[in-house]
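Visitor: Residue numbers 1 to 264, in full-length UniProt numbering, belong to the letters of the sequence shown in order.
Sharing a structure, written as structure tokens. Questions coming.
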Amino acid sequence: MIGKIYLNFDLEEFDIPCEYGHYLKEEEQIQVSNEGAEALLELLQKKGLKVTFFTTASFALKKTELIKTILAFGHEIASHGLSHNPVGKDEELLLSKKILEDICSVQILGYRSPRFRAVNYQSLICSGYKYNSSINPTWLPGRYNYLSLPRKIFCEQGLVQIPISTTPLFRIPLCWLTFKNIPLSLFKTFPLWTLQEKGYLNIFFHPWEFANIQKYAIPRITKAIDGLVLLQRLEAYISWLQSLELRFCTLNEVIQKERPVEQL
């Protein structure tokens with residue numbers, strides 16, 4: 001099968017317990033994400049993959065060596081904002097980019113807003129970003145409703161937009177929550193529809209999912225599978241995708257293509 005897999009991870013503070021009224025010290029938030037990220041890096045090295053990590057500046061400042069290791073392994077670092085609970089000012093777009101560039105010594109090209117909040121495209125362009133992956137074109141009750149937005153890669157105001165992949169019918173999101181809450185056989189079937197239609201998949205997870213998070217008071221749907229069990233499930237899924245001879249790519253490769261984005 002001909003197609004590309006854009007596998008990516010939101011490397012952020014593990015702050016989801018705070019959303020549900022359970023205070024967690026920032027040090028513990030960082031450590032949980034760090035634990036999951038280290039496990040993921042081992043798997044990615046084992047499978048020979050290069051992926052994209054959308055990283056908050058807050059996490060990067062506290063785990064600088066991990067960020068440098070990620071880069072040394074050939075992965076892409078993109079911005080996930082200043083922190084996972086940003087104020088929402090446009091200045092944060094430029095500041096998070098500058099912090100990451102100072103740490104990484106490479107140009108930061110991509111952005112994904114925390115929790116897929118709406119972001120001003122012109123502000124992204126003015127801050128020097130080349131692509132935006134802040135659109136999950138589905139409906140997540142209590143979060144957002146982006147059912148009216150495009151499902152394919154497109155260009156708007158000179159900015160390349162790379163939405164999260166969903167199924168053609170019902171727009172079932174092909175990402176972390178779906179992956180851990182339906183049989184793996186179904187998560188193999190659903191993406192095939194999208195691959196046949198679009199020729200690529202844009203799938204994301206969070207490193208903190210690959211740590212042991214059962215003890216935390218968060219919705220069951222978010223921790224249905226975690227830690228080593230989830231890591232093994234992801235490894236099996238990656239192996240299956242590789243058996244189809246699909247190519248894994250970083251998201252910055254989208255904007256490096258010579259052909260127009262609309263043709264992707």
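From the three backbone atoms N, C-alpha and C, an ideal C-beta is built for every residue, glycine too.
1) Pick helix, strand or coil for Ala-224, following the three-state DSSP scheme.
2) Considering Cα atoms alone, identify which of Leu-140, Ser-148, Ile-16 is closest to Ile-30.
3) What separation, rounded to the nearest whole angstrom, lies between the Cα atoms of Phe-59 and Ser-83?
4) Look at the alpha carbon of Leu-7 and the alpha carbon of Tyr-200, and state the distance between them as a whole number of angstroms.
5) What is the residue span of the alpha helix (DSSP H) that Ala-60 lies within?
6) Less than 8 Å between the beta carbons of Ile-125 and Val-254, yes or no?
7) With H, G and I counted as helix, E and B as strand and the rest as coil, what does DSSP make of Glu-258?
8) Can you tell me which residues form a DSSP beta bridge with Gln-161?
9) Does the pairing of the region 204-213 with the region 23-43 give three or more beta-carbon distances under 8 Å?
10) For Ile-103, which residues of its own chain have a beta-carbon under 8 Å away from its beta-carbon, when the five flanking residues on both sides are left out?
11) With DSSP as the reference, label Asn-202 as helix, strand or coil.
12) Alpha carbons only, please: which of Leu-71, Ile-70, Ser-105, Lys-97 is nearest the one belonging to Ser-79?
13) Less than 7 Å between C-beta atoms, sequence neighbours within five positions excluded: which residues of the same chain meet that for Gly-3?
14) Run through DSSP, which three-state label would Phe-14 get?
15) How far does the alpha helix (DSSP H) with Glu-76 in it extend, from its first residue to its last?
16) With a threshold of 16 other CB atoms inside 10 Å of the CB of Phe-170, please say whether the residue is buried or exposed.
17) Mapping DSSP to helix, strand and coil, what is Ile-103?
18) Give me the residue from Tyr-20, Leu-11, Gly-48, Phe-14 with the minimum Cα distance to Phe-248.
19) Rounded to whole angstroms, what is the Cα-Cα separation between Glu-262 and Phe-154?
20) Please identify the residue among Ile-99, Lys-89, Glu-42, Asp-90 whose C-alpha is closest to the C-alpha of His-75.
21) Distance check for Leu-94 and Leu-179, CA to CA, integer angstroms please.
22) According to the neighbour-count rule (16 or more other Cβ atoms, all chains shown, within 10 Å of its Cβ), is Leu-109 buried or exposed?
23) So, is Arg-112 buried or exposed, given that buried needs 16 or more other C-beta atoms within 10 angstroms?
24) Applying the criterion that 16 or more other CB atoms from any shown protein chain within 10 Å of the CB defines a buried residue, is Ser-127 buried or exposed?
25) Quickly, what does DSSP pair Ile-5 with across the bridge? List them, please.
26) Could you tell me whether the Cβ atoms of Tyr-121 and Leu-251 are closer together than 8 Å?
27) Please classify Leu-184: does DSSP put it in a helix, a strand, or coil?
28) Taking the alpha-carbon positions, what's the Glu-258 to Tyr-146 distance?
Guide: Looking at the atomic coordinates:
1) Ala-224 falls in the coil class under three-state DSSP.
2) If we check each option's Cα against that of Ile-30, Ile-16 comes out closest.
3) In this structure, the CA atom of Phe-59 is about 7 Å from the CA atom of Ser-83.
4) So the alpha carbons of these two residues sit roughly 10 Å apart.
5) It spans 57-62 - the alpha helix (DSSP H) in which Ala-60 sits, taken as one unbroken run.
6) No. Outside cutoff.
7) Reliability of the predicted coordinates at Glu-258 is poor, the pLDDT of 34 falling under 50, and no value is obtained from them.
8) The partner list for Gln-161 (beta bridge, DSSP) reads Asn-132, Phe-154.
9) Because the criterion of three Cβ pairs below 8 Å is met, the region 204-213 and the region 23-43 touch.
10) For Ile-103, where only same-chain residues beyond five positions count, the Cβ hits under 8 Å are Ala-60, Leu-61, Thr-64, Ile-67, Lys-68.
11) Here Asn-202 sits in strand by DSSP.
12) Nearest option by C-alpha distance: Lys-97.
13) Only Leu-195, Gly-199, Tyr-200, Leu-246 meet the Cβ criterion.
14) Judged by DSSP in its simplified three-state form, Phe-14 adopts coil rather than helix or strand.
15) Run containing Glu-76: none in the alpha helix (DSSP H); it sits in the beta strand (DSSP E), 76-79.
16) So Phe-170 counts as exposed.
17) The answer is helix: DSSP assigns Ile-103 an H, G or I state.
18) Among Tyr-20, Leu-11, Gly-48, Phe-14, the Cα nearest to that of Phe-248 is on Gly-48.
19) Confidence at Glu-262 is low in this model, with a pLDDT of 38, below 50, so the placement of that residue should be treated as unreliable; the coordinate-derived value is given next. If you take the alpha carbons of Glu-262 and Phe-154, they lie about 6 Å apart.
20) Per the Cα distances, Glu-42.
21) The question names Leu, but residue 179 in the sequence shown is Phe. Across the structure, Phe-179 and Leu-94 are spaced so that their CA atoms are roughly 33 Å apart.
22) Per the 10 Å Cβ criterion, buried.
23) Classification for Arg-112: buried.
24) With 16 or more other Cβ atoms from the protein chains shown falling within 10 Å of its own Cβ, Ser-127 counts as buried.
25) Under DSSP, Ile-5 shares a beta bridge with Leu-201, Phe-248.
26) No, these two residues do not count as a Cβ contact at 8 Å.
27) Note: Leu-184 maps to helix in three-state DSSP.
28) Below a pLDDT of 50, predicted positions are generally treated as unreliable, and Glu-258, at 34, falls in that range; the measurement from the model is reported next regardless. Approximately 29 Å, taken between the alpha carbons.
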